[in-house]
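Below is one structure, written out as structure tokens; the observations come after it.
Number of protein chains: 2
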Amino acid sequence: MSVEIITIGNELLSGTTVDTNATYIAASVIEIGLSVSRMSSVGDAPEDIINALKSVLPGTKYIIVTGGLGPTDDDRTADAAARAFGRTVELNQEALAAIEKRFAGYGAKMPFSNQRQAMLPARVEIIPNPRGTASGFIIEAAGREFIFMPGVPAEAEAMTESFIIPRLKEQSGFKQVILSKSLRVFGLWESAIQERLDGQIQEGPGLSLAYLPHFPEVRLKITGMGADPEKVRQEIARAAAVIQEKVGEYIYSVNDEPFELVVGQLLKEKKATIAIAESCTGGLISHRLTNIAGSSDYLQMGVVVYSNRAKVELLNIPQSVLDEHGAVSEPCARLMAKKVRELAGSTYGLAVTGIAGPTGGSTEKPVGTVFIGVASVEAESVTQHRFFGGREQIKLMSSHMALNNLRKCILQQ
Amino acid sequence: MSVEIITIGNELLSGTTVDTNATYIAASVIEIGLSVSRMSSVGDAPEDIINALKSVLPGTKYIIVTGGLGPTDDDRTADAAARAFGRTVELNQEALAAIEKRFAGYGAKMPFSNQRQAMLPARVEIIPNPRGTASGFIIEAAGREFIFMPGVPAEAEAMTESFIIPRLKEQSGFKQVILSKSLRVFGLWESAIQERLDGQIQEGPGLSLAYLPHFPEVRLKITGMGADPEKVRQEIARAAAVIQEKVGEYIYSVNDEPFELVVGQLLKEKKATIAIAESCTGGLISHRLTNIAGSSDYLQMGVVVYSNRAKVELLNIPQSVLDEHGAVSEPCARLMAKKVRELAGSTYGLAVTGIAGPTGGSTEKPVGTVFIGVASVEAESVTQHRFFGGREQIKLMSSHMALNNLRKCILQQ
Chain A
5 MSVEIITIGN
15 ELLSGTTVDT
25 NATYIAASVI
35 EIGLSVSRMS
45 SVGDAPEDII
55 NALKSVLPGT
65 KYIIVTGGLG
75 PTDDDRTADA
85 AARAFGRTVE
95 LNQEALAAIE
105 KRFAGYGAKM
115 PFSNQRQAML
125 PARVEIIPNP
135 RGTASGFIIE
145 AAGREFIFMP
155 GVPAEAEAMT
165 ESFIIPRLKE
175 QSGFKQVILS
185 KSLRVFGLWE
195 SAIQERLDGQ
205 IQEGPGLSLA
215 YLPHFPEVRL
225 KITGMGADPE
235 KVRQEIARAA
245 AVIQEKVGEY
255 IYSVNDEPFE
265 LVVGQLLKEK
275 KATIAIAESC
285 TGGLISHRLT
295 NIAGSSDYLQ
305 MGVVVYSNRA
315 KVELLNIPQS
325 VLDEHGAVSE
335 PCARLMAKKV
345 RELAGSTYGL
355 AVTGIAGPTG
365 GSTEKPVGTV
375 FIGVASVEAE
385 SVTQHRFFGG
395 REQIKLMSSH
405 MALNNLRKCI
415 LQQ
Chain B
5 MSVEIITIGN
15 ELLSGTTVDT
25 NATYIAASVI
35 EIGLSVSRMS
45 SVGDAPEDII
55 NALKSVLPGT
65 KYIIVTGGLG
75 PTDDDRTADA
85 AARAFGRTVE
95 LNQEALAAIE
105 KRFAGYGAKM
115 PFSNQRQAML
125 PARVEIIPNP
135 RGTASGFIIE
145 AAGREFIFMP
155 GVPAEAEAMT
165 ESFIIPRLKE
175 QSGFKQVILS
185 KSLRVFGLWE
195 SAIQERLDGQ
205 IQEGPGLSLA
215 YLPHFPEVRL
225 KITGMGADPE
235 KVRQEIARAA
245 AVIQEKVGEY
255 IYSVNDEPFE
265 LVVGQLLKEK
275 KATIAIAESC
285 TGGLISHRLT
295 NIAGSSDYLQ
305 MGVVVYSNRA
315 KVELLNIPQS
325 VLDEHGAVSE
335 PCARLMAKKV
345 RELAGSTYGL
355 AVTGIAGPTG
365 GSTEKPVGTV
375 FIGVASVEAE
385 SVTQHRFFGG
395 REQIKLMSSH
405 MALNNLRKCI
415 LQQ
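Respectively, the protein sequence lines represent chains A and B.
The first sequence runs contiguously to residue 417 in our numbering.
The second sequence runs contiguously to residue 417 in our numbering.
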């Protein structure tokens, strides 16, 4: 059964507000086996609302509408709904009681303007609002249910979770399970992954594979649906195994985890520690690692050695290396990783030096040239890269590559 | 003239991805005097796309469509568009040349799958894509223009700005000027700003004020419209002056600039340099400052002294201070700022130490307790804070507050 979502508000059409309600509702109804046929946003004008209500897609059972139920003059959804379905507007006693009760809970009297929120189309079913004054309501018409909720995200989300989803689940008699698994791939672009996986995975009503590019990585989301959870799990595992076979070397997480968490868990498992020396990434790698709770267990130290003076003073990089090879060089990356490891007394050292641009490039070392060094107790290794994009993209790409190099180094030990 | 925006992608209908393209495009077309009549999202299935293209609202001149132009099998917009308008699909030489040129720029050969992105409906006008391989295209039909772009936000935004807006502006003969000015406010919440500004600014068709909360700050956008640019500028300046009078002490930028740029420009003006010692922010402040091109002129050094050992070894914080007061303390923040400044030989030192959580808090120093130290040549000052939210929010709030304290310190000198 399919659902159409309509969000109402001039602020959506003016580009002032991003519509998160439709996304939230879609994610919720999909989990109970319904599909979303369309999402649309229209303005506050009654004609636009009426037009939207009258032009829902054929075959849609549920139309979920948010917005325009507030206490102010530009909230006109209740009126428009009444007109669209040829009903009168009346003071709904159940909605009024709910508003009065809420204000009593604040120890306040209901302002007169809020009474407007109880003026609803005749013969509606009320949806309680656990978070605010605007009740939702349901109009049944032509075998469809038109479900109206306020646009405030916290209220719409609470009403979706507490009322709409249980109701729709019961009505649709949904018994199937929907499970999904997300793999994170780094180092292969979407088109290259697609070429390798071409024809390898049998998609159908019970199984689907989505490519979700999130620069600089691609997430592969396998979704399975069926009556038997164990079978769905097996189907997903089979698809995941195929993907592992074809692009496994580029998969860094099979549980939708970010790089900083994957690397952090590896370090924890090995009871290892890390120190980081950053030049062109400017602290981004340390920042990412410290976004993980408990990272103080393994992150010993980070240094942002942006200037040559900092490289010399903090890390004891010989001036001669900088003079001879430059700060953006294989020998400098190697020494930075080695020295920061020694300074921190950590298991590993990770270093990045490069040219993030837009200036500072040369013919020999253009913008985007980056060297990444990884030091362990035994040895150091350095990789050289040429990245593209603006400054922030080059920083992000460099941090991803550095975390990946570190991950590989830990795994090899 | 009105615009309808259609975004295509199963990931939008499944609640996996929030649609930011429609919001971006809406905000852009409104600035050239057009209005948005509807936004909608449909899935990747050709029938859904065709249905959407055939059921645009009456009176709509431009239909802007994003998504489904990638190189993979689930990208079907070009095919669907051809079918909707009864055209054949053909290899578009201009689009092909653009793809090949882009891959050549990477020093790579075009993968075969990308050729798919040049299979477009016949008789289209090509929209260059400055950021990716998928060209956009325009189909004229029944007095309307259907404008197709890829769904990758960076690409859709670049094409909107460089091609679509200039084109629509010229075609619509828009002669009024719309100008805007954004002030960035930190330290007052939206409702508090609203209370101070209540009734102070005369909004109307020629002038509007929008509150745009971006945690942890609020941006105030004044927009003016009219035939005479000079008059519009004056109206905006008058509103800005009122805001300055009421909340000026909390405004850190009158040109919509981020903190890292404002602080960087101040340092440059004063020919001053900075060194940073971060504990709970974990490198975020250094990362933010180095997002600004040219930051190597003033950022001397950053240290992420996450562990006590790092505080002692890198910054020479006496062990006795850590033992007596703890790492999260006024004396430690003061010493961190002082010592990092001395170590780098910089004009200023900035230090943050705190508890980002979710663990590590105590009754005396709960999660969110943060000390920020600023050192100049003459003296050090420390502020103490209690922030709320999750780990990343506390990090972000701390970095904002630290940059603000530094800004105030520089301005006082």
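All C-beta atoms, glycine included, are put in the ideal place defined by N, C-alpha and C.
Closest in alpha carbon position to Gly-72 (chain B), among B:Glu-334, B:Thr-137 and B:Ala-341, is B:Thr-137. Residue-level contact check: Ser-44 (chain B) touches chain A, since one or more beta carbons of chain A fall below 8 Å from its beta carbon. Secondary structure of Leu-183 (chain A) (DSSP, three-state): strand.
Interface annotation for the region 330-352 of chain B against chain A: Leu-347, Ala-348 and Gly-349, criterion Cβ-Cβ distance under 8 Å. Separation of the CB atoms of Ala-99 (chain A) and Gln-121 (chain A) is rounded to 7 Å, and the pair is thereby assigned contact status at 8 Å.
In this structure, A:Glu-165 is the residue among A:Ala-88, A:Glu-165 and A:Gln-119 with its C-alpha nearest to the C-alpha of Pro-132 (chain A). The DSSP-derived three-state label of Tyr-215 (chain A) is strand.
Under the Cβ distance rule, Glu-194 (chain A) counts among the residues neighbouring chain B, one pair being separated by less than 8 Å. Using beta-carbon distances, His-291 (chain A) counts as an interface residue toward chain B, with a partner under 8 Å. DSSP, read as helix, strand or coil, puts Ala-26 (chain A) in helix. Listed in chain order, the non-local C-beta contacts of Arg-411 (chain A) below 6 Å within the same chain comprise Val-267, local neighbours out to five positions each way being set aside.
If you ignore the 5 residues before and after Ala-348 (chain A), its C-beta comes within less than 7 Å of the C-beta of Ala-279, Gln-304 and Met-305, all in its own chain and listed in chain order. Contact of Arg-106 (chain B) with chain A is not assigned, every C-beta pair being separated by 8 Å or more. Sequence-distant partners of Gln-388 (chain A) (beyond 5 residues in either direction) whose C-beta falls short of 7 Å from its own C-beta, in its chain, are Glu-334 and Phe-375. Contact between the region 235-244 of chain B and the region 205-224 of chain B is established, with three or more Cβ pairs separated by less than 8 Å.
If you compare the alpha carbons of A:Tyr-302, A:Val-325, A:Ile-398 and A:Ser-324 with that of Leu-354 (chain A), the shortest gap goes to A:Tyr-302.
The CB of Thr-363 (chain A) comes closer than 8 Å to the CB of Ala-297 and Gly-298 in chain B, given here in chain order.
Within chain A, the C-beta atoms nearer than 7 Å to that of Asn-118 (chain B) come from Ser-195, in chain order. For a Cβ distance threshold of 9 Å, residue set Thr-294, Asn-295, Ile-296 and Ala-297 of chain B lies close to Arg-395 (chain A), ordered along the chain.
By the C-beta density criterion, Gly-287 (chain B) is buried, having at least 16 other C-beta atoms within 10 angstroms. Assigned with DSSP and collapsed to three states, Leu-124 (chain A) falls in strand.
According to the DSSP secondary-structure assignment, Arg-200 (chain B) is paired through a beta bridge with no residue. Counting only the Cα atoms, Met-43 (chain B) lies some 11 Å from Asn-14 (chain A). By the Cβ neighbour-count rule, Glu-368 (chain A) is exposed, with fewer than 16 other Cβ atoms within 10 Å of its own. When Cβ pairs closer than 8 Å are counted between the two stretches, the region 312-325 of chain B is seen to touch the region 337-348 of chain B, the count reaching three or more. Rounded to the nearest whole angstrom, the CA to CA distance from Ala-88 (chain A) to Thr-64 (chain A) is 17 Å.
For Phe-107 (chain A), the CB contacts under 7 Å within the same chain, skipping 5 residues up- and downstream, are Lys-113 and Met-114 in chain order. Counting the other CB atoms within 10 Å of its CB gives Tyr-110 (chain B) a total below 16, which places it among the exposed residues.
Taking C-beta separations shorter than 8 Å and ignoring five residues to either side along the sequence, the partners of Leu-61 (chain A) in its chain run Ser-6, Glu-8, Ser-41 and Arg-42, following chain order. The CB of Pro-115 (chain B) comes closer than 7 Å to the CB of Ser-195, Ala-196 and Glu-199 in chain A, given here in chain order. Under the DSSP assignment, Ala-86 (chain A) falls in the alpha helix (DSSP H) whose first and last residues are 81-88. Take the alpha-carbon of Thr-27 (chain B) and the one of Pro-157 (chain B): they are about 11 Å apart. Taking the Cα of Lys-250 (chain B) as reference, the smallest distance to any Cα among B:Tyr-66, B:Ala-101, B:Tyr-310 and B:Leu-192 is reached at B:Leu-192. Here Gln-175 (chain B) carries a helix assignment [DSSP, helix/strand/coil]. Rounded to whole angstroms, the Cβ separation of Asn-118 (chain A) and Ile-103 (chain A) is 5 Å, and the two are in contact under 8 Å. Glu-207 (chain B) sits in coil when the DSSP states are folded into three classes, being neither helix nor strand.
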